Structures are given as structure tokens and as C-alpha cells.
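Participant: First, the structure itself, so that you have it in front of you.
Protein chains: 2
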Amino acid sequence: MNYVAADVKKLREETGATFADCKNALAEAKSWDEAINILEAKSDRKAKKIGEANRETKEGGIFSYVHHNHRVGVLLELNCSTDFVARSESFRHLANNLALQIAGAATTPKYITFEDVPADVLEETRKAILEDSAMERIPAEKRDDFINGRLKKILGEQVLMMQPWVKDETTVVGDLVSKVIADTGENIVLRRFSRFALGE
Amino acid sequence: MNYVAADVKKLREETGATFADCKNALAEAKSWDEAINILEAKSDRKAKKIGEANRETKEGGIFSYVHHNHRVGVLLELNCSTDFVARSESFRHLANNLALQIAGAATTPKYITFEDVPADVLEETRKAILEDSAMERIPAEKRDDFINGRLKKILGEQVLMMQPWVKDETTVVGDLVSKVIADTGENIVLRRFSRFALGE
């Protein structure tokens, strides 16, 4: 698409990507939304690459958030590879956003990633899906995809990284982590969390 | 014992008891230490009485403590009976002291009270005590007391309420709770805690 310097500036502000990446994305894309998609895909790939290259996450920190009325609180461990990143602003900001999400999400997260859902919970949910009358209308060859889609939809609500972010529902929580992985060049992993609600 | 007004003042400062209680204790006691013991026994009895009369603890709060280097953190739920006490200075001060203790104790507490030690852990420890050669020297009629004493000593190190307080090793943590129960007139119960140490 045709673009001017102000577009590059605006895109940088919106996505946080570099100047060069924004220019390339605008040149390649046919629309503003496509340019954003290109940058997001690039950021995801980058995060994945860093994650694979740099799996060791022994540093990081313990962080907490307690609501001002003391009725809900969260403790979490967020890991990265170096003490340098552990002390960085963006890492601590991410830790705070994750704690706020766990405290305030409409559905309290039970699992960190979809891989953390236990086998028996998956099996039970799969059974419930198979018993659903809607299954009959799905052609046999599409049933596996349908079941997997339903599993992710039903259980994903309880998976922290798949939840819509409480501060901006167009973003999922996992994207916040991917973004900081891309920014810092280190793998970042939420290792565990506790959430206490008064009297629960 | 003979005492002067300054003694009453000093005793009040040391124990936090009322003026009348301090005067009575000094009149009754033969020594300074005995006066303190009388006041402590009275405070314990008072705490117990309140605890029994007012067991329902549905209020309280969630509190956290994270060490400034973010390498250890604690989340806890402390319960009481009314929102009024939950918002009081002494209740919040107690919550903070408990969190600090859990974070910083020489032995990380595993249990809140001795009653929380699981039966299999008790049984295993009892077996180890029976195998100890020292057992042979204990007269048969004193063995039960000996075993119970050893159990409390060995496992008590991991029981939060039995630990020496990190800020003053002459006090056990349970006494901090008893004192606030006596002060507020409400039963106070530490319901649960989580402790995270980085990379542990």
C-alpha cells in the first residue's frame, strides 16, 4: 500500500515494532490491518525462535498483587534466563499484568497453558462434547477438528494464556508474554501461581 | 512482692496488659518473672476463651510479602470474625509478621499447627524415634511422654505456630496470634499460605 512517514510512526506506536519492520510491513501489505498482521506474525515467530534457542529459565522473580480491599491476592513466579532481564521494567510490568489478570479475570484461570490441562479433564470434556446433539450434524471427516475446536473453546476459558486480557479484550494474555520475549530476546515462562480469595 | 508505680508502668510496657491486670499480677507474684508468667497465662486463657466462644471466622484478608530482591514471596489468608477487626492496625500488623516469618524462618514452615501434620508423617517420625538407641535408657512408663516430646521437637520446627519468632526468638509465633486474639476479642485463624522461592 501507499504510505507516508506519519503512517510508519503511527504503526510503530501501535505495535511497538522497529522502524524498519514497520516500513517493510507497510510496503508489503495491501491494507493497514494486514500490515499489523504481518508485524504480529513476525513478533510471534521471533518469540518462538527465542523460546527454542534459549530454553533455560532459572532467573526471574516472585511477584504478588493484593487487591486494595484485601479480598483477593495472587503470588506468582515468572522466569527468564538472566538477572538483567529479571530486573528490567518490561519484565516486571509483565509480571504485574499477569498477576492482575489472575486476580481479576471473569473466569479464574486454573491452568497456565492448554498443555497443563490434565488428561482426565480433557477426556471428561471430550465425552460431554460427543454427547452433544450438535455432533450428529457434523460430517464424520470433520469431527476431529470440531472436537478439538470445542475443547479449546470450553477449556481455554480456564487457561490463563488463552484468556482475553482484562485491560484489552482484543489481546490474549499469551501475546503479552510473546511481546516481552520478542522485546528482551529471552524465553519467559510463568512457572506457577497461587490465587487466594477471602473465604473461598 | 513489693512494687511501686514505676513497676506497674514497666510491666504494662513489657506485656501490653491492662493497668489493673499488672497491679494484680505484681501483688500476687513473688518475683518479676512470676508476674510476667501470671499475665501470660491470663492472656492465653483469655485467647482460648474467645476462641471457643467465637469460632466463626469468615472475615479477614489476603496479604502478601515479597522480599525486595524478588527471590522469595508469601501469600496468606488470615481470618477473623468481623470486618472491623480485619481492617484494624493490629490485625494487619499480625498478617505482616506472619508473612515475614514464613518468608524468612530458618526452617521453612510446612504446617500451620501441629494438628496439620499428616498422620503418615507422624507415624514415620514415631518409628524413627523408636529406633533411636536412646529409647533403651528411658523407663517404660515414661516412653509415651518421651516420644510425644520428641515428636513435638522434631516436627515442631516445621510448624509455623511453634517456631521461634524471627524478630524475637524468645517468643513463639503462636503467641503473636494469641496476643491479637486477646487484644481484639475475636478468634483469629491463619487459614492457608503459599510460599514461593525463585527456582525452587
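Protein sequence lines correspond, in order, to chains G and L.
Counting with my numbering, you get residues 1 to 200 for the letters of the first sequence.
Counting with my numbering, you get residues 1 to 200 for the letters of the second sequence.
All C-beta atoms in this analysis are idealised placements derived from N, C-alpha and C, irrespective of residue type, glycine included.
None of these values were measured; they are calculated from a predicted model.
Taking only runs of the alpha helix (DSSP H) that begin and end inside the segment 101-158 of chain G, which ones reach a length of at least 4 residues, in chain order?
Facilitator: Entirely contained in the segment 101-158 of chain G, the alpha helix (DSSP H) runs reaching 4 residues are, in chain order, 119-131 and 143-156.
Participant: Going by C-alpha distance, which of A86(L), L122(L) and A99(L) is nearest L160(L)?
Facilitator: The shortest C-alpha separation from L160(L) is found at A99(L).
Participant: With 9 Å as the limit, tell me which residues of the segment 9-35 of chain L have their beta carbon closer than that to any beta carbon of chain G; keep them in chain order.
Facilitator: Of all residues in the segment 9-35 of chain L, none has a Cβ within less than 9 Å of some Cβ in chain G.
Participant: Identify every run of the beta strand (DSSP E) within the segment 22-72 of chain L, keeping only runs that are complete inside it and at least 3 residues long; order them along the chain.
Facilitator: Those beta strand (DSSP E) runs which fall completely within the segment 22-72 of chain L and span 3+ residues are 59-66.
Participant: Assign V177(G) to one of two classes, buried (16 or more other C-beta atoms within 10 Å of its C-beta) or exposed (fewer than that).
Facilitator: Buried, since its Cβ has 16 or more Cβ neighbours within 10 Å.
Participant: In three-state terms, what does DSSP make of L198(L)?
Facilitator: The answer is coil: DSSP assigns L198(L) none of H, G, I, E or B.
Participant: Does chain L have any CB closer than 8 Å to the CB of V85(G)?
Facilitator: With 8 Å as the cut-off, V85(G) does not count as an interface residue toward chain L.
Participant: Would the beta-carbon of N79(L) fall within 8 Å of that of I188(L)?
Facilitator: Taking 8 Å as the Cβ cut-off, N79(L) and I188(L) qualify as a contacting pair.
Participant: Reducing DSSP to helix, strand and coil, say where N187(G) ends up.
Facilitator: DSSP places N187(G) in coil when its eight states are reduced to three.
Participant: With a threshold of 16 other CB atoms inside 10 Å of the CB of S31(G), please say whether the residue is buried or exposed.
Facilitator: Per the 10 Å Cβ criterion, exposed.
Participant: Is R137(G) buried or exposed, if buried means 16 or more other CB atoms sit within 10 Å of its CB?
Facilitator: That one is exposed.
Participant: Take the Cβ of E186(G) as the centre, count every other Cβ of all protein chains shown within 10 Å, and call the residue buried at 16 or more, exposed below.
Facilitator: Buried, because 16 or more other Cβ atoms sit within 10 Å of the Cβ of E186(G).
Participant: Per DSSP, R192(G) is paired with what?
Facilitator: Beta-bridge pairing links R192(G) to E77(G).
Participant: Ignore the nearest five residues each way along the sequence and tell me which others in Y3(L)'s own chain have a CB closer than 6 Å to its CB.
Facilitator: Hits under 6 Å: L26.
Participant: Let me see if you follow: with CB-CB separation under 8 Å, is S194(G) close to chain L or not?
Facilitator: S194(G) counts as touching chain L.
Participant: Using a Cβ-Cβ cutoff of 8 Å, what residues of the segment 149-174 of chain G are near chain L? List them in chain order.
Facilitator: For the segment 149-174 of chain G, which is checked against every Cβ of chain L, not one residue is closer than 8 Å.
Participant: Measure from the alpha carbon of N184(G) to the alpha carbon of each residue in P164(G), F84(G) and K153(G), then state which is nearest.
Facilitator: In the sequence as displayed, the identity of residue 184(G) is Thr instead of Asn. When only C-alpha atoms are compared, the closest one is F84(G).
Participant: Throw me the rounded Cβ distance for the L94(G) and G73(L) pair, which I believe falls under 8 Å.
Facilitator: In fact, because the Cβ distance is near 16 Å, the residues do not count as touching under 8 Å.
Participant: For the candidate residues S64(L), H70(L), K58(L) and G60(L), whose alpha-carbon lies nearest to that of E59(G)?
Facilitator: Taking only the C-alpha atoms, the option nearest E59(G) is H70(L).
Participant: Going along the chain, which residues of its own chain have a beta-carbon closer than 6 Å to the beta-carbon of C22(G), five neighbours each way excluded?
Facilitator: Closer than 6 Å at Cβ, skipping near neighbours: V8, L11 and R12.
Participant: Assuming I228(G) and T125(G) make a contact with CB atoms under 8 Å, what is their CB distance in whole Å?
Facilitator: Residue 228(G) falls outside the range modelled here, since chain G spans only 1 to 200, and no answer is possible.
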